[in-house]
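Quick notes on the structure that follows.
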DNA sequence: CGCGATTTGTGCGCATCTTCACAAGCGCCT
DNA sequence: AGGCGCTTGTGAAGATGCGCACAAATCGCG
């Protein structure tokens, strides 16, 4: 995974326009690159050297035209008539995402969810290293989780500095989240992943992404409600119900609905 | 969600827009309603009876015009010159989201993450009840978590039927996720929240939402990379760096960077 | 009873995102 | 060498979403 991106100038011919490599990608594209990356690693492990846009698009669950346009923003790394070089594309995407070196991440809040996140192998496998755990509860400080020890949140500044942490995860109750965010920012953290169900207010220049598990379920609930209304009401809707409940025998060509 | 059909006229009356209670909300609106709902409950607990679009928009972290447009899709539940009735709005949103009755949810995969999700209070507080836990590992079957007992996944069909489960959460390793999804669909589940880092293929009519924790971090990593490039390069960029790292003393009026 | 202050609901232009469709490029085969 | 089939990269059209700005509606007050 820690493959090196091609040398600054050597190797491939000069990047079109890529001055210091900052293509200013559309947000929608950025959000999909990690999915492509995961699919590419999977392909690489299966022994594929090249892949067509159609093949990669399938593996990533998107439309092939969209995938090509996304990749075109990174530069021209495909070969017409052939496809994309899997290894090269992995390197390029990892470079753009800033994953050429493993990033240190702090995790604040070692409760129910925090414990699970601290032990989640998916982070370690995909470019990150949980470098420090924090909690405000003195009863939890000192606890060992994996090969880390829970620190008191007052020690945040020193550890952020020492470990070179720029990204933090908040897994505290909502009531504590804003205060924690303030302290993280004060300590120098510039990106926050927030699992607490609340809105965070942070200074300009700090990025916040939010994951709210209940919200995801509520969105699904809406669609359940809608499906129920559609199959119950329309007189000609009987076919709809049959299709819904009966379609299970053909799990093949369905569509996964993402993000 | 599940595939819009571009062919408007033929086939089903797809454009029939308004089923009595079904406003055909834009997806973007649906995704925000839960956030409004959370903010409204918070306001209600603080004793507010009414709230202006500006106030609610602040609490939910969105633009007030956007909020008004979102709510207008539900109908006219505001009073000009006054604002929105908090209680009424809560009822309306909960109805549209299908939360008027607590929904039963199945959780498959009682590993690291699954344990945390099973114990997550946020589900219970916001319209859901985890009604059954499943795992494929016989070593885990029978384990007590909260007041539930882990069932073997072979018992899925009976319990889905008995508990009236329409929504399921997948918290298994990626390698098992597709197979689990197939079995869920076969058992009658029509909405899936997938925590496994892989693309699920499901029949039409089944909704899938995906939460990939590593992807969220990778998106943040991209922005970190970009910020680093921007502050390192421009000669006059010293100011930018100062602003970034030094802005901590004024955590007040900042903006959360979303979506 | 009418007026001004306030706030909703929405029309409209702009931006972003998606999808189609096709020319240009590449490798292979004859 | 030349033609042929395959795949990329992209222009353009369409869809969706966003936010401004303002008319319409309501309340409270003199």
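Protein chains in written order, with this note's numbering: chain D, -15 to 243; chain W, -15 to 243.
Quick reminder that beta carbons are idealized off the backbone N, C-alpha and C, glycines included.
Query	Result
Cβ-based contacts, 8 Å cut-off: residues of the stretch 69 to 92 of chain D near chain W	80, 81, 82, 83, 87 and 89
Residues of the stretch 128 to 158 of chain W with Cβ closer than 7 Å to any Cβ of chain D, in chain order	150 and 151
Test: residue 183 of chain D CB closer than 9 Å to a CB of chain W	yes
Cβ of residue 205 of chain W within 9 Å of any chain D Cβ	yes
Proximity test, Cβ basis, 9 Å: residue 211 of chain W and chain D	yes
Backbone secondary structure at residue 178 of chain D - three-state DSSP	strand
Distance between residue 19 of chain D and residue 37 of chain D (C-alpha atoms, nearest Å)	14 Å
Endpoints, alpha helix (DSSP H) assigned at residue 171 of chain D	158 to 171
Reduced DSSP secondary structure (H/G/I, E/B, other) of residue 39 of chain D	helix
Rounded distance between the beta-carbons of residue 108 of chain D and residue 107 of chain W, thought under 8 Å	Going by Cβ atoms, the distance from residue 107 of chain W to residue 108 of chain D rounds to 27 Å, so no, they are not a contact pair.
Assigned exposure category for residue 62 of chain W - 16 Cβ within 10 Å defines buried	buried
Spatial distance of residue -8 of chain W from residue 8 of chain W (CA atoms)	Residue confidence for residue -8 of chain W is low, a pLDDT of 35 falling below 50, so the modelled location carries little weight and cannot support an answer.
Where the stretch 102 to 130 of chain W meets chain D: residues whose CB sits under 7 Å from a CB there	103, 104, 106, 107, 110, 111 and 112
Closest residue to residue 110 of chain W among D:201, D:215, D:209 and D:6 (Cα-Cα distance)	D:201
Alpha-carbon to alpha-carbon, residue 213 of chain W and residue 6 of chain D	8 Å
Proximity test, Cβ basis, 9 Å: residue 18 of chain W and chain D	yes
DSSP-derived helix/strand/coil call for residue 87 of chain W	strand
Chain-ordered residues of the stretch 30 to 58 of chain W with a beta carbon less than 8 Å from chain D	43, 44 and 45
Proximity of residue 46 of chain D and residue 67 of chain D at Cβ, strictly below 9 Å	no
Cα-Cα separation, residue 169 of chain W to residue 11 of chain W	23 Å
Buried or exposed (CB count within 10 angstroms, at least 16 for buried), residue 207 of chain D	buried
Cutoff 9 Å: residue 94 of chain W Cβ touching any chain D Cβ	no
Minimum Cβ-Cβ distance from residue 62 of chain W to chain D less than 9 Å	no
With 16 other Cβ atoms within 10 Å as the buried cut-off, status of residue 112 of chain D	buried
Other residues of its chain near residue 160 of chain W: CB distance less than 7 Å, five sequence neighbours each side excluded	120
For residue 195 of chain D, three-class secondary structure by DSSP	coil
Whole-angstrom distance between residue 152 of chain D and residue 151 of chain W, CA atom to CA atom	31 Å
is_contact[residue 164 of chain W, chain D] using C-beta, thresh 9 Å	no
is_contact[residue 27 of chain D, chain W] using C-beta, thresh 9 Å	no
Closer than 7 Å at the beta carbon, the chain D residues around residue 15 of chain W	203
Residue 145 of chain W and residue 189 of chain W closer than 9 Å at C-beta	no
Own chain, CB closer than 7 Å to residue 167 of chain W, minus 5 neighbours either side, in chain order	137 and 140
Residue 13 of chain W to residue 56 of chain W span [Cα, whole Å]	10 Å
Closest by C-alpha distance to residue 84 of chain W, when choosing among W:91, W:196 and W:75	W:75
Below-9 Å beta-carbon distance, residue 97 of chain W vs any chain D residue	yes
Partners in chain D for residue 198 of chain W, counting only beta-carbon separations shorter than 9 Å	18, 22, 104, 106, 107, 109, 110, 111 and 112
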